[in-house]
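Okay, structure first, notes after.
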Amino acid sequence: MEQQRKEYHSLELNLKATESHRFTWMNQYFDLEAHLVFDSKLDNLESSKNQLENLSAVFKLIPFENQFKSKLFSHILQEEHDVSNKFYVVFAKINIFEKKLIQIQHTYEVSGKSQPHGTFGHTGTESEEAKLTADEQNSLLENIQKLLYGPMLAHFTQPFVALFPELLEDGWQERMPLKRGKQEAELVPYQAIFPFAGALELQPDGEHTLALDDLYCTNEKCDCRDVACVVLGLEKLTGKQEILGGFRYHFDKKRFKAMPEVPLPTNGQEWIKRFSVNFPIKLEFLFEARYEFIRKLAKMRASS
Ligand SMILES: [Zn+2]
1412 MEQQRKEYHS LELNLKATES HRFTWMNQYF DLEAHLVFDS KLDNLESSKN
1462 QLENLSAVFK LIPFENQFKS KLFSHILQEE HDVSNKFYVV FAKINIFEKK
1512 LIQIQHTYEV SGKSQPHGTF GHTGTESEEA KLTADEQNSL LENIQKLLYG
1562 PMLAHFTQPF VALFPELLED GWQERMPLKR GKQEAELVPY QAIFPFAGAL
1612 ELQPDGEHTL ALDDLYCTNE KCDCRDVACV VLGLEKLTGK QEILGGFRYH
1662 FDKKRFKAMP EVPLPTNGQE WIKRFSVNFP IKLEFLFEAR YEFIRKLAKM
1712 RASS
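Counting in my numbering, the sequence shown runs from 1412 upward without gaps.
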């Protein structure tokens, strides 16, 4: 069954629960999740810049101890993750370029059933504006700011680095594979170089995940002007993966082409449309920016 195609403009940051995304606040240990929320889909540089300078972010603070306990309970009882819990949802404004939390607008205290990681639904929960002292408010701001400028920095910059190369962080060279052949252009998935750029994924039903990988040629002398896309299907339960399609898209001709490496009937236009729905950056715009950006990096690498 197809998921409802409601368009939204938000990006969940790929913050896997690790030590580096946790902090102590009000004598409690919290795990942080984050969503970036856009007023409209990013489809040109000027409006992207305006939005990224004053971007809405929603942070969810999950008490780590409770989360651990509730997971343990649900494991023992073999039940859904539904132990009562209390967490905080923080609405803030951030500036991606200055890597700064500008202000906290609201902090809600939410009690009710704890939600599984990655969801922001509040069904069956009650929330109210948290009554924080000035110290608590400041300490919250400082804690989030520290993460934003520290271990979470790449999560906030990588989704946009192709549009704004000034966001490029150190360490990309190690992730960019060296050219092997002399003639052959090597195709590299963008996510291999920028793993936090934001996954292009769809959940058509509870059992499957579809992912689109965009690959670019890293030969700085080549002028192919296209992106290669591969669509993968993953069966969650078995972990079984299969290639569902592959195509190329040429930026100047605005034309889709089959990919000889993937001999399957593929409607590239339809896939782009499906993966576009819930991604906050217009894909044709993003892919061309990534192509130009990868070429720039390839040239930088060749001349270094
Ligand atoms: Zn090329």
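Backbone N, C-alpha and C define an ideal beta-carbon position, used for all residues, glycine too.
In the DSSP assignment, LEU1466 falls within the beta strand (DSSP E) that extends over 1466-1474. ASP1616 sits exposed, since fewer than 16 C-beta atoms from the chains shown fall within 10 Å of its C-beta. In the three-state DSSP reduction, LEU1463 falls in the helix class (H, G or I). In this structure, PHE1498 and LYS1471 form a Cβ contact; the two beta carbons are roughly 6 Å apart against a cut-off of 8 Å.
Taking 8 Å as the cut-off, the Cβ atoms of GLU1672 and LYS1647 do not count as close.
Assigned with DSSP and collapsed to three states, ASN1554 falls in helix. With 16 or more other CB atoms across the displayed protein chains lying within 10 angstroms of its CB, PRO1570 is buried. Judged by pairs of C-beta atoms under 8 Å, the stretch 1433-1449 touches the stretch 1545-1564, as three or more such pairs exist. Of the heavy atoms belonging to ligand 1, none sits nearer than 7 Å to the Cβ of ASN1455. Placement of the Cβ of CYS1635 at a distance of less than 7 Å from at least one heavy atom of ligand 1 is found. Under the three-state reduction of DSSP output, GLY1561 falls in the coil class, being neither helix nor strand. At a Cβ-Cβ threshold of 8 Å, ILE1683 and LEU1694 count as neighbours.
Collapsing the DSSP output to three states places PRO1576 in a helix. Counted as a single uninterrupted DSSP element, the beta strand (DSSP E) harbouring LEU1645 occupies residues 1637-1646.
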